[in-house]
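Before any comments, here is the structure.
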Amino acid sequence: MRRVLWILGLAVLLSACSSLRLGYEQLPRLASWWVDDYVDLDRTQQAQFDRAWAQWQAWHRREELPRLQALLAQAEQGLKAGSLDTRALAALEAGLAQSVERSLAHLAPLATPLLASLSPAQWTDLQRAIDERQARWWREQQGSEDARRRAREKGFTRSLARWTGDLSRPQEALARERAAHWPVDLVAWRAQREQRQAQAVAGLRDWAAGQQSNGVRHLMLALNQVPGARSASEQALRDAVAADALAVVALAQAEQRRATAQRWAEWRQELGRLHVAR
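Take the sequence shown: its letters are residues 0 to 277, numbered as in numbering that gives the first Met the number 0.
Quick look at the structure:
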């Protein structure tokens with residue numbers, strides 16, 4: 000449930016694709032495939048979805064891509080100045096959360112007719128698909144602590160490399176060491192996932208009932224983008240990840256910093272080309 004919602008504000012993260020532009024242009028197809036994994040739409044509903052997504056993405060291209068460009072420029076300047084710290088990172092995260100909230104608010108009236116047309120059986124199918132994925136995730140967590148630790152280390156190093164480019168050996172070693180000691184409470188994590196999934200469904204049902212602002216609030220909670228609503232364990236983990244990411248970036252040599260800044264500049268330029276290509 001969270002994956003497609005993040006698409007709304009994190010288009011910049013499609014940099015993992017060979018082309019940001021290609022990834023952005025494929026969003027309608029990717030979103031349609033994702034929806035199909037959760038609920039079968041009839042022809043009329045699929046047409047509604049296609050129209051709503053096209054309208055939303057035209058707005059996003061026009062209104063939000065320039066804001067994402069500005070966030071990238073802010074990060075780029077901080078990197079060059081050596082001023083990327085927890086406060087700067089929090090400001091970037093807040094800007095991104097605001098983009099997601101605006102995107103959800105614009106999507107709400109477009110999505111309402113489709114969601115209002117879902118039958119009780121389709122809502123049941125949606126909940127069943129969510130429950131099945133949660134059960135599968137929980138089964139995957141039943142391995143050894145060493146296996147979970149290795150998965151955290153791998154995920155952290157890959158995420159950092161996606162943003163900064165290849166890590167040096169000292170950077171990768173530090174990233175793995177830090178990820179190994181994150182304060183992860185598996186039982187609490189399971190409960191938090193279930194709570195966020197319930198909030199996501201509540202948000203969609205709010206939209207189906209025409210309660211758009213309530214739906215946005217529930218979906219922001221589902222995305223864990225309301226800081227004051229996070230549990231102590233969630234906030235502790237987020238703080239640890241942010242501090243560790245900054246520590247790894249701080250180990251970068253001058254040439255790595257220049258390469259990362261160039262990487263971000265290229266993303267920013269491509270976002271600009273996407274904006275003017277509307």
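Just so it is clear, CB atoms sit at the ideal spot from N, CA and C, and this is done for glycine as well.
Whose CA, out of Arg-61, Glu-62 and Trp-33, lies closest to the CA of Phe-48? For the purposes of this step, residue 48 is identified with residue 49 of the sequence shown, where counting begins at 1. If we check each option's Cα against that of Phe-48, Trp-33 comes out closest.
Going by CA-CA distance only, name the one from Arg-161, Arg-149, Pro-27 and Asp-184 that's closest to Ser-230. Against the sequence shown, residue 230 aligns to sequence position 231. Closest by alpha carbon: Asp-184.
Under a Cβ-count criterion, where at least 16 other Cβ atoms within 10 Å of its own Cβ denotes burial, should Arg-161 be classed as buried or exposed? Working through the sequence shown from its first residue, we reach residue 161 at position 162. Arg-161 counts as exposed, since fewer than 16 other beta carbons sit within 10 angstroms of its beta carbon.
6 Å Cβ shell around Thr-163 - same chain, five flanking residues per side excluded: As a first step, residue 163 is located in the sequence shown; it is residue number 164 there, counting from the start. Cβ neighbours of Thr-163 beyond the five flanking positions: Thr-259.
Going by DSSP in three states, Val-183 sits in which element: helix, strand or coil? On the sequence shown, position 184 is the one that residue 183 refers to. Of the three classes helix, strand and coil, the one that applies to Val-183 here is coil, per DSSP.
Pop quiz: Ala-178 and Arg-151 are said to be a contact at Cβ under 8 Å. What is the actual Cβ separation, rounded to whole angstroms? In the sequence shown, the residue the question calls residue 178 occupies position 179. In the sequence shown, the residue the question calls residue 151 occupies position 152. Yes, they are in contact, since the Cβ atoms of Ala-178 and Arg-151 sit about 5 Å apart, within 8 Å.
Taking contact to mean 3 or more Cβ pairs, one atom from each stretch, closer than 8 Å, check whether the region 198-210 and the region 94-114 are in contact. yes
If you count every other CB in all the chains shown that lies within 10 Å of the CB of Trp-136, and 16 or more means buried, which is it? Looking up residue 136 in the sequence shown gives position 137. Exposed, because fewer than 16 other Cβ atoms sit within 10 Å of the Cβ of Trp-136.
Nearest to Trp-55 by CA position, among Leu-106, Ala-208 and Asp-35, is which residue? For the purposes of this step, residue 55 is taken as residue 56 along the sequence shown, with counting starting at 1. Out of Leu-106, Ala-208 and Asp-35, Leu-106 has the C-alpha closest to the C-alpha of Trp-55.
Return helix, strand or coil for Gln-25, following the three-state DSSP convention. Taking the first residue of the sequence shown as position 1, residue 25 is located at position 26. Three-state result, Gln-25: coil.
DSSP state of Arg-1, grouped into three classes? Your numbering for residue 1 matches position 2 in the sequence shown. Note that Arg-1 has pLDDT 44, beneath the 50 cutoff, so the model's placement of it is unreliable and the number below is only indicative. DSSP places Arg-1 in helix when its eight states are reduced to three.
Tell me the DSSP secondary structure of Asp-39 in three-state form. Looking up residue 39 in the sequence shown gives position 40. DSSP places Asp-39 in coil when its eight states are reduced to three.
Are the beta-carbon atoms of Gly-94 and Leu-114 separated by less than 7 Å? Residue mapping note: residue 94 aligns to position 95 of the sequence shown, counting from 1. Residue mapping note: residue 114 aligns to position 115 of the sequence shown, counting from 1. No.
Spatial neighbours of Gln-155 in its chain, beta-carbon cut-off 7 Å, leaving aside the 5 residues before and after: Taking the first residue of the sequence shown as 1, we reach residue 155 at position 156. For the record, residue 155 in the displayed sequence is Phe; it is not Gln. If we look at Phe-155 and ignore the five residues flanking it on each side, its Cβ neighbours are Ala-174 and Ala-178.
Would you call Leu-103 buried or exposed, if buried means 16 or more other Cβ atoms sit within 10 Å of its Cβ? For the purposes of this step, residue 103 is taken as the residue at position 104 of the sequence shown. The residue is buried, with at least 16 neighbouring Cβ atoms inside 10 Å.
Contact check, Gln-170 vs Val-275, beta carbons under 7 Å: Residue numbering aside, residue 170 sits at position 171 when the sequence shown is read from its first letter. Residue numbering aside, residue 275 sits at position 276 when the sequence shown is read from its first letter. Contact flag unset, no.
Check for me: the alpha helix (DSSP H) holding Ala-228 runs from which residue to which? If you number the sequence shown from 1, residue 228 lands on position 229. Element bounds for Ala-228: n/a, residue is neither H nor E.
At a Cβ threshold of 7 Å, is Leu-40 touching chain C? Among the chains of the structure shown, chain C does not appear; only one protein chain is present.
Whether or not the region 222-236 and the region 114-124 are in contact is what I'm after, with contact meaning three or more pairs of Cβ atoms, one per stretch, closer than 8 Å; do they touch? At 8 Å Cβ cutoff, the stretches do not touch.
Which same chain residues, not among the five before or five after Gln-140, have their C-beta less than 7 Å away from its C-beta? By 1-based counting over the sequence shown, the position of residue 140 is 141. The residues are Arg-147 and Leu-185.
Compute the Euclidean distance between the alpha carbons of Arg-1 and Gln-261, then round it to the nearest angstrom. Working through the sequence shown from its first residue, we reach residue 1 at position 2. Working through the sequence shown from its first residue, we reach residue 261 at position 262. Per-residue confidence for Arg-1 stands at a pLDDT of 44, beneath the threshold of 50, marking its modelled position as unreliable; the derived number appears in the next sentence. A straight-line Cα-Cα distance of about 30 Å links Arg-1 and Gln-261.
Would you mind stating whether Ser-98 and Glu-63 have Cβ atoms separated by less than 7 Å? Your numbering for residue 98 matches position 99 in the sequence shown. Your numbering for residue 63 matches position 64 in the sequence shown. The answer is yes: Cβ separation under 7 Å.
Which residue comes first and which comes last in the alpha helix (DSSP H) that contains Arg-161? The residue given as residue 161 occupies position 162 in the sequence shown. First-last of the alpha helix (DSSP H) with Arg-161: 144-163.
Under 7 Å between the Cβ atoms of Pro-182 and Leu-245? Looking up residue 182 in the sequence shown gives position 183. Looking up residue 245 in the sequence shown gives position 246. Not closer than 7 Å, so no.
For Asp-243, collect the residues of the same chain with a Cβ closer than 6 Å to its Cβ; drop the 5 residues on either side in sequence, then sort them by chain order. In the sequence shown, the residue the question calls residue 243 occupies position 244. Cβ within range, chain order: Arg-177.
Taking the alpha carbon of Ala-90 as the reference point, which residue from Ala-241, Leu-250 and Leu-270 has its own alpha carbon closest? As a position in the sequence shown, residue 90 is number 91, starting the count at 1. Of the candidates Ala-241, Leu-250 and Leu-270, the one whose C-alpha sits nearest the C-alpha of Ala-90 is Ala-241.
Which of the three DSSP states, helix, strand or coil, is assigned to Gln-280? Lying before the first or after the last residue shown, residue 280 is absent from the chain, which here runs from 0 to 277.
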